[in-house]
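Peer 1: Dumping the structure here so I can ask a few things about it.
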Amino acid sequence: MQKTKLLNVLIPVLSILLAFVIGMLIILALGKNPAEAIGYLMKGAFGSKTNLANTVVRAMPLIFTGLSTCFAYRCGVFNLGGEGQFLAGSMAAITVTLLIGHEGWWVTIVAVLAGTLMGGIWGLLPGILKTWRGLNEMITTIMFNYVATLFMGYLYTTALREGSVPQTAPVPDTTKIGRIIPDLRITWGIVVAILLGVAIWYFLFYTSKGFQLRAVGFNPVASSYNGLSVKRYMLTAFIVSGAIAGLGGACDILGTQFRLISGYGGGYGFDGVALALIAQLHPLATMAVAYFFAVLRVGSTTMQVGTGVPTSVIDIIQALVIIFAVAGSSMMYLPKVRKFVMNLFEKKEAV
Amino acid sequence: AKEAAPAAEKTFKVAMICDSSISDGGWGAACYNGMTAAAESRGWETAYTDAIDQSAYADTMISYCDLGYDMIFAPGNQYSDAVVQVAADYPNVAFAVLNGSTELPTANIMSILPNADQIGSIAGIIAGLMSKTNVIGFIGGMELDTTKSKLAHFTSAAQAINPDIKVVSAYAGSFNDTAKGMELAASMINEGADVFFGDASAVDSGARQAIDQANGDNVTIVDIGQPADLLGQNPCVVSSVVTDNAAMIAICLEKVETGTFGNEVVFGSLENGAVYLGKFNDALVDADMQTKVADYIKQLQDGTFGN
Amino acid sequence: MNEILRMEHISKQFGDFYANKDINFDVRKGEVHTLLGENGAGKSTLMNVLIGLYQPTEGSIYLHGEKVHIESPAQAVRLGIGMVHQHFMLVEAMTVMQNIILGDKRYKGLFINHDARRKEILELSWRYGLNVDLEAKITDISVGTQQRVEILKALYRGAELLILDEPTAVLTDIEVEGLYSVIEKLKSEGKSIIFISHKMREVLHVSDRVTILRAGKTIKTLEASETDGKELANLMIGRELVECEYRKAEATGEPVIELKHVSYNKASKHNGLNDVSLAVRCGEILGVAGVDGNGQSQLSQIVTGVTMAEAGEVVLKGCRVSHMTAADFIEKNVSHIPEDRNRMGLVGNMTVEENLLLKSTQNCAFCDANGWHLKKKAMRAYAETMRAKYDIRCQSMEQEIRSLSGGNQQKVILARELEASPDLLVAVHPTRGLDIGATRYVRDTMIEARDKGCAVLLISADFDEVLQMSDRIIVMFEGKVMGEYSGKNPPIQAISLAMAGK
Amino acid sequence: MNWNLLSEVLISAVRMATPLLFVALAELYSERAGLVNIGLDGIMAFGSLVGFLVCFWTGNPFLGVLCGALGGVLVNMVYAFCTVTLAGQQIVYGMALNIFAPALASFIYRVVFGVSSTLAQATLMKTVSIPVLKDVPFLGKLLFDQTPMVYGVYLLVIVTAIYFNRTKSGLNYKAVGEYPKAAETMGINVVLHKYIACILCGFLAGMGGAYLTTCYVNTYSDGIVAGRGFIALAAVIFGRWSASGVLLACLLFGFFDAMQLRLQVGTDLIPYQLFQMIPYVMTLIALTIFGSKIAGPKSKGKPYYREER
Ligand SMILES: Nc1ncnc2c1ncn2[C@@H]1O[C@H](COP(=O)(O)OP(=O)(O)OP(=O)(O)O)[C@@H](O)[C@H]1O
Ligand SMILES: Nc1ncnc2c1ncn2[C@@H]1O[C@H](COP(=O)(O)OP(=O)(O)OP(=O)(O)O)[C@@H](O)[C@H]1O
Ligand SMILES: [Mg+2]
Ligand SMILES: [Mg+2]
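Residue numbers (my numbering), protein chains in the order written: chain A, 1 to 351; chain B, 1 to 307; chain C, 1 to 502; chain D, 1 to 309.
Structure, rendered in structure tokens:
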């Protein structure tokens, strides 16, 4: 038992290190100094108070989409629509803010609720298609992502456009989600994210409903034989995971980005899926991995700027991290490998 | 802004961020070339980060600020938000926003604003004179205000010369979907368009490719390039409306050096030479036509065009 | 002696568990050699090792005296070994013909020469009396026919050594006779057959030699002519077989569940019900006999609310429940031991403890505030009592249940289903795959429940089990109830005829 | 709508359907062996880069296409190893490819062309028109005045249909996707078939990518694939895992896309984003109407280990 748990942590960590080694080799091959590169990475992510804060800011949307994935996959719902749901949330939040036309904290609350609701609805649609027509959610959620992205384009170029660039008006100052410390960009959104993560963790592992949801996710047939309403749980998972992503969108637009603009929100959904899978669908681990992803993102920006390596090197390292981490854990399920590793452990213990 | 450093030894550094690629043969390339040319003229060091997501704008600029860059060049109004945010935290760094709005400048932010109306009009003049089918095409990337006013002036200038002109236009919704540019151009050719103008970066190169294909060996459909001088890149390029970013950026660099940076918009226009018409493809345009174009541009400058 | 196959010291390990341990086994030309053993003795595993589907942990295989290393089923096919698997290996989306010619490597050419292949297969099927419709889709043919397809598949590949893994489990008596004649024919052509079964009667009937496996080990090899059923049974089980006679009860109370003219998916002979009426009273066991796949699954699903009847009425404790769901049935105190424990009964990736509590986490003993907080301590304590009470053998209650052995998995289900003191217990193949001790335990527990007043519907493909345990017996054939018989001195002859639809 | 316009739209539909068709066939071969590969976008991106580079250097578009296809195979081997040998989750690795391969492509492009800011252009494949036939009004230009790649892909559709419906090998291949264990017991090498499926998938998807840069546009730019892989994925489902169905689905998507662009040129009133939604919304509507009664190969998406029960 202990050994398995240890391995579950050790394998991703080793895999990530390996991915880094390869990344550094690429940097070396480009004629840059890997040590220097790492130095820049650390400096970018942890170098100063501002940098530390930026990392947290970057982690926030990832925590939301990661948790959204976590929740859905735990119930056997393979929601790839995190991105669309995130955008649906942002769009609803900004639309409501701009339409109300007033300012103030109550607008913030209404906007956040609207974002959450809209995310939920955007999750519900593929849910209905799955439970009613049996459509594979992996396909439909991807389609809904495209629709959401294009609709966002419509909002910022036409419907809610303000000024010369295709973008919406910004959220009024008093409606923005406040900063925790005035001169750092961290907002209360991160607190919401962390509380949500803890709540999901509690829900999944310490409540009866969460227990049943997990059972449905692992084995829907057995669950239905044991009196659980599989369709209802799945639909709930669609809605809630959509709502989590939507809440993330609302927090992000009201706290960090302030307006819709071309390219907004790209990639958060898929990143969320990847990091939740690396975290083996554990909500607390998901938050940690999200933070790690953010470190990688922010740090690597500085690394790119400092060393002048192409931006794509960073993406390559990130993809390698995903591939190695997940491959590492699936390798552990192979009997041969498992046996081999266990033997290693045994030997160590014997010594 | 900061007092100018008295020591002449100091090498200044400028960095550019860009969401598209600097090798896109369009906007990104033109802006990068502009920056390097300007930097070279004043002995600055340069750096760039391209192909970045919207979510990384601020982080990237912060990184440059932390690494001691003196100026950050953001070629597009889409960076304004991020610039405002970062500029507030780094009052000692100068920020120049190409196509930034007139309201944008602060103590350490300046806008660089080429005259989009004139750019559109120049292209419109050529199109109005050259079109034989009386249909001309315009492909936009995003519905930027600058793009919209280019389209509006392209249309009005062409119609001022030839009232029968009809303009077909479309937005690709992207600056890098080359294939979409091809399809859009193909469908416009099908509508009869024979002179094209575009404001969509890599999408335009797709459009030019479609035009070349439609032409075959005999160039009857032409394209007007921008913002660099694209003559020779494709057989169909008849001339280009050139925006001399380098000149405008150089002004900013100079202001940084002298410590007078900020609170200002650098305009670019026919008048100050930052906007001008590139060379003609002599095989496609006879001398007579070329002088006509030159006359109209003169009128444009005098404000008598279209009266 | 013309021995064609010898397996020496074969061991096969799954994880820490030895399914086969140091097995020795040989087959001669033209003989029928039976592998006899209880469920889980390791018969199928040994055969899967032989055809290269599994790699043995240890041991070697000799064919015609030469040592071979069988790496894949493809190689086994080349070596002339054919196997009819216990769980058929048929691609449902394809036709009979396509299934037979699948993987055929004997003919060159890109395209399928349909006419030639059809002719060849028809010839084969005529020679061995294996009638099948070549153009039918697998989903449309009966289980018996599917088995004929499986045998044809093996023969078509020119198998010299044919393995039949529990071929009779899914056949009616008449079909079994047909199978015997096929076996005779094959034997007369000099082919060898490995026959797997745990039914004494047929073993003695068809075999030349018998090898007994128990708990993964070879116990003994005997000449069939020199032994009798009793000896075989004792060897197979490992101790003197104590004839166990359960006391039969007579129930007169109100029916707990009643089916009135219930139909479901009527058109299908294998997974539908056609005008079924029956009643189970408290304090009795109603046994449902019949060959697998005659509507038993559907029956069990309807009386537990997993599926809804299409016509007719289901009455539970006096209420019409035709439109209720499984949850409502559970609410009304109906327990269910489903037919496939891994797929329907347990959540393999969850722990033993969690599986024990799968149905009762909403119970106020285990949670507060409407299911919003689980009382982990109470759960653990309960699980530990269950572990003791039902003798569940596992390393820890936090172990994933899929790593438990079948018998212990079944005990977990039993604990979960019986602790609720159900009014109705629906048990489907409750002892399938269990060893003798576990089987005994399960049966005793069910009888005990009955004696406490529970109504039990026992559906089992194991005829002996139905005979032993039931107070009344009904027989199902092609979705219909063929007849009802008393459990005391049941008319075995009549029942087995009814099972064949006569 | 006049005939000329319709013909233009159809020609454009065929042009836009061709890369889709390559990639959809790639996915068809993958899913028929039980492997759902959502990494098509990534494979295409890499294929389009390799195709472009080779074409740029050698001036030979055919070589470009071939190398692009091989590049696709190379990338897809990552997926093959992880999903077949390690029996990992197919969706995850598909997604990983979508991050990895485009980044790699963009990286290589940058390394090759440095920071030079001139646009690299390659020669495009010439159309080969079939004499006489190409002059048939309306259909002539549509069917007989295309690049060899277009003829090739339609040939491939027919070959694929015949392969899966008529040949022995096709039957074995389908069995692997339906019930790998049964296939294994019939002497079919499941792992080998799955690897072959990955090779074919990589090859065709790479080719689809290379088509973009050797037959369609003559430049490479990041994001050139623009979500075509996902549309192809939908086309396979839409086309019910059959070659002819996939053909129809791709033509339909191509048609909607071409229509959408035409409509955009014609009107300014309706925002173009709404037009761009058409292919996706139509997919959703069509899927909803048809439902998913045929769920495709039975074992698709499930990892296979031989010794599992
Ligand atoms: N693939 C596998 N993984 C893990 N355990 C297995 C596997 N296959 C079989 N076993 C275990 O090995 C033991 C022997 O199984 P096997 O199927 O060989 O029994 P059998 O004698 O054929 O029984 P039956 O009469 O039920 O068919 C069982 O306890 C079973 O749980
Ligand atoms: N593009 C095409 N052009 C000409 N003939 C074709 C084309 N596509 C398919 N066919 C022909 O149609 C026949 C049926 O092919 P089709 O692709 O419909 O089979 P399928 O749908 O894969 O099989 P199934 O019906 O089992 O799903 C084949 O014999 C093939 O020759
Ligand atoms: Mg068996
Ligand atoms: Mg068909």
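Backbone N, C-alpha and C fix where the C-beta goes; we use that ideal spot for every residue, glycine too.
(1) Of the residues Leu125/A, Ile26/A, Arg259/A and Leu62/A, which one's Cα is nearest the Cα of Thr97/A?
(2) Counting only C-beta atoms, is Met1/D closer than 8 Å to chain B at any point?
(3) Counting C-beta neighbours from all protein chains within 10 Å, is the total for Glu465/C 16 or more, i.e. buried, or is it exposed?
(4) Which residues, in order along the segment 245-265 of chain D, keep a beta-carbon less than 8 Å from a beta-carbon of chain A?
(5) Suppose the cutoff is 6 Å on Cβ atoms and the five residues either side in sequence are ignored; what does the same chain contact list for Glu3/C look like?
(6) Of all the CB atoms in chain D, is at least one closer than 8 Å to the CB of Thr49/B?
(7) How big is the Cα-Cα spacing for Asn342/C and Gly47/A?
(8) So which residues of chain A does Ala388/C contact, with C-beta pairs closer than 7 Å?
(9) What did DSSP end up calling Ala59/A once you bin it into helix, strand or coil?
(10) Distance check for Ala311/C and Ser224/A, CA to CA, integer angstroms please.
(11) Tell me which same chain residues have a C-beta within less than 7 Å of the C-beta of Ile261/A, skipping the five on either side of it?
(12) Check each residue of the segment 214-240 of chain D: if its Cβ is closer than 7 Å to any Cβ of chain B, include it; give the result in chain order.
(13) Applying a beta-carbon distance threshold of less than 9 Å, which residues of chain E neighbour Gln146/D?
(14) Closer than 9 Å between beta carbons: that is the criterion. Which residues of the segment 5-16 of chain D meet it against chain B?
(15) May I have the straight-line CA-CA distance separating Thr351/C from Pro73/C, to the nearest angstrom?
(16) From the beta carbon of Leu104/D, is the nearest beta carbon of chain A less than 8 Å away?
(17) Contact defined as beta carbons within less than 8 Å: I believe Phe477/C pairs with Met499/C. What is the distance between those atoms, to the nearest angstrom?
(18) Figure out for me which residue from Thr227/C, Lys185/C, Phe17/C and Val291/C has the closest Cα to the Cα of Arg172/C.
(19) Just to confirm my understanding: we take Glu162/A, look at its own chain, exclude 5 residues before and 5 after, and list those with CB closer than 7 Å. What are they?
(20) In angstroms with no decimal places, state the Cα-to-Cα distance between Gly238/C and Lys217/C.
(21) Relative to the alpha-carbon of Arg247/C, which residue among Asp22/C, Met469/C, Ser486/C and Leu5/C has its alpha-carbon at the smallest distance?
(22) Taking all protein chains shown into account, decide if Asp194/B is buried (16 or more other Cβ within 10 angstroms of its Cβ) or exposed.
(23) Helix, strand or coil for Gly479/C per DSSP?
(24) Could you tell me the alpha carbon to alpha carbon distance between Gly293/C and Glu160/C, rounded to whole angstroms?
(25) Tell me which same chain residues have a C-beta within less than 8 Å of the C-beta of Val262/C, skipping the five on either side of it?
(26) Within 8 Å of any Cβ in chain B, is that where the Cβ of Leu212/D sits?
(27) Would you mind telling me which residues of chain A sit closer than 8 Å to Cys367/C, beta carbon to beta carbon, in chain order?
(28) From the DSSP output, in three-state form, read off Arg320/C for me.
(29) Closest to Ile239/A by CA distance: which of Trp122/A, Thr307/A, Ala59/A and Cys251/A is it?
(30) Which same chain residues end up closer than 7 Å to Pro490/C when comparing Cβ atoms and leaving out the 5 residues on each side of it in sequence?
(31) Using a cut-off of 8 Å between C-beta atoms, extract the partners of Tyr171/B located in chain D.
(32) Taking just the CA atoms, how far does Gln410/C sit from Pro422/C?
(33) Could you give the DSSP three-state label for Arg28/C: helix, strand or coil?
(34) Rounded to whole angstroms, what is the Cα-Cα separation between Ser7/D and Leu284/D?
(35) Leaving out the 5 sequence neighbours to the left and right, which residues in its chain are closer than 6 Å to Ala80/D when beta-carbon positions are compared?
(36) Just checking my contact of Leu37/A with Met303/A at CB under 8 Å: how many whole Å lie between their CB atoms?
Peer 2: The relevant details are as follows:
(1) For the purposes of this step, residue 97/A is taken as residue 97 along the first sequence, with counting starting at 1. When each option's Cα is compared against that of Thr97/A, the closest is Arg259/A.
(2) In the fourth sequence, counting from the first residue as 1, residue 1/D sits at position 1. Note on Met1/D: pLDDT 49, under 50, position unreliable in the model; no value is reported.
(3) As a working note, residue 465/C is residue 465 in the third sequence. Its Cβ being crowded by 16 or more others within 10 Å, Glu465/C is buried.
(4) Flagged: no residues at all.
(5) On the third sequence, residue 3/C is found 3 positions in, with the first residue counted as 1. Excluding residues within five positions, the ones whose Cβ falls inside 6 Å are Asp26 and Arg28.
(6) Walking along the second sequence from the start, residue 49/B turns up at place 49. Taking Cβ atoms only, chain D never reaches closer than 8 Å to Thr49/B, which makes this a no.
(7) Counted from its first residue, the third sequence places residue 342/C at position 342. Counted from its first residue, the first sequence places residue 47/A at position 47. For Asn342/C and Gly47/A, the distance between alpha carbons rounds to 53 Å.
(8) Stepping through the third sequence from its first residue, residue 388/C is reached at position 388. Residues of chain A passing the Cβ test: none, with the nearest at roughly 21 Å.
(9) One-based indexing of the first sequence puts residue 59/A at position 59. Helix at Ala59/A.
(10) Taking the first residue of the first sequence as 1, we reach residue 224/A at position 224. Taking the first residue of the third sequence as 1, we reach residue 311/C at position 311. If you take the alpha carbons of Ser224/A and Ala311/C, they lie about 22 Å apart.
(11) Mapped onto the first sequence, residue 261/A falls at position 261. So the qualifying residues of the chain are Tyr156 and Gln167.
(12) Tyr216, Val217, Asn218, Thr219, Ser221, Asp222, Gly223, Ile224 and Ala226
(13) Any reference to chain E falls outside this structure, whose protein chains are A, B, C and D.
(14) Taking a C-beta cut-off of 9 Å against chain B, the contacting residues of the segment 5-16 of chain D are Leu5, Glu8, Val9, Ile11, Ser12, Arg15 and Met16, listed in chain order.
(15) By 1-based counting over the third sequence, the position of residue 351/C is 351. By 1-based counting over the third sequence, the position of residue 73/C is 73. The straight-line gap from Cα to Cα measures roughly 35 Å.
(16) Sequence index remark: in the fourth sequence, residue 104/D carries index 104 (1-based). Yes, Leu104/D counts as interfacial toward chain A.
(17) Numbered from its first residue, the third sequence carries residue 477/C at position 477. Numbered from its first residue, the third sequence carries residue 499/C at position 499. Confirmed, about 6 Å.
(18) As a position in the third sequence, residue 172/C is number 172, starting the count at 1. In the sequence on display, residue 172/C carries Thr and not Arg. Checked all of Thr227/C, Lys185/C, Phe17/C and Val291/C; the closest Cα to Thr172/C is Val291/C.
(19) Against the first sequence, residue 162/A aligns to sequence position 162. Residues Thr168 and Ala169 of the same chain have their beta carbon placed closer than 7 Å to that of Glu162/A, with the five preceding and five following residues left out of the count.
(20) Taking the third sequence and counting its residues from 1, the one referred to as residue 238/C is at position 238. Taking the third sequence and counting its residues from 1, the one referred to as residue 217/C is at position 217. For Gly238/C and Lys217/C, the distance between alpha carbons rounds to 12 Å.
(21) One-based indexing of the third sequence puts residue 247/C at position 247. It is Met469/C.
(22) On the second sequence, position 194 is the one that residue 194/B refers to. Under this definition Asp194/B is a buried residue.
(23) Along the third sequence, read from residue 1 onward, the residue named residue 479/C stands at position 479. Coil.
(24) Position 293 of the third sequence holds residue 293/C. Position 160 of the third sequence holds residue 160/C. Gly293/C and Glu160/C: Cα-Cα distance of roughly 31 Å.
(25) Along the third sequence, one-based indexing puts residue 262/C at 262. So the list reads Leu273, Asp275, Val276, Ser277, Ile302, Ala309, Ala311, Gly312, Glu313 and Val314, once near-sequence residues are dropped.
(26) Taking the first residue of the fourth sequence as position 1, residue 212/D is located at position 212. Judged by the 8 Å Cβ criterion, Leu212/D is in contact with chain B.
(27) Residue mapping note: residue 367/C aligns to position 367 of the third sequence, counting from 1. The answer, in chain order, is Thr207 and Ser208.
(28) Position 320 of the third sequence, counting from 1, holds the residue named residue 320/C. Arg320/C falls in the strand class under three-state DSSP.
(29) By 1-based counting over the first sequence, the position of residue 239/A is 239. Proximity to Ile239/A across Trp122/A, Thr307/A, Ala59/A and Cys251/A peaks at Trp122/A, based on C-alpha coordinates.
(30) Within the third sequence, residue 490/C is the residue found at index 490, counting from 1. Contacts found: Leu467 and Ile473.
(31) Along the second sequence, read from residue 1 onward, the residue named residue 171/B stands at position 171. Under the 8 Å cutoff, chain D gives Gln264 and Tyr272.
(32) Start at 1 with the first residue of the third sequence, and residue 422/C comes out as number 422. Start at 1 with the first residue of the third sequence, and residue 410/C comes out as number 410. Each residue's alpha carbon lies about 17 Å from the other.
(33) Residue 28/C sits at position 28 when you count from the first residue of the third sequence. Arg28/C falls in the strand class under three-state DSSP.
(34) Start at 1 with the first residue of the fourth sequence, and residue 7/D comes out as number 7. Start at 1 with the first residue of the fourth sequence, and residue 284/D comes out as number 284. Cα to Cα, Ser7/D sits roughly 27 Å from Leu284/D.
(35) Stepping through the fourth sequence from its first residue, residue 80/D is reached at position 80. Closer than 6 Å at the Cβ level, and outside the excluded window around Ala80/D, lie Tyr195 and Cys198.
(36) Within the first sequence, numbered from 1, the residue matching residue 37/A stands at position 37. Within the first sequence, numbered from 1, the residue matching residue 303/A stands at position 303. First, the amino acid is wrong: residue 37/A is Ala here, not Leu. Yes, they are in contact, since the Cβ atoms of Ala37/A and Met303/A sit about 5 Å apart, within 8 Å.
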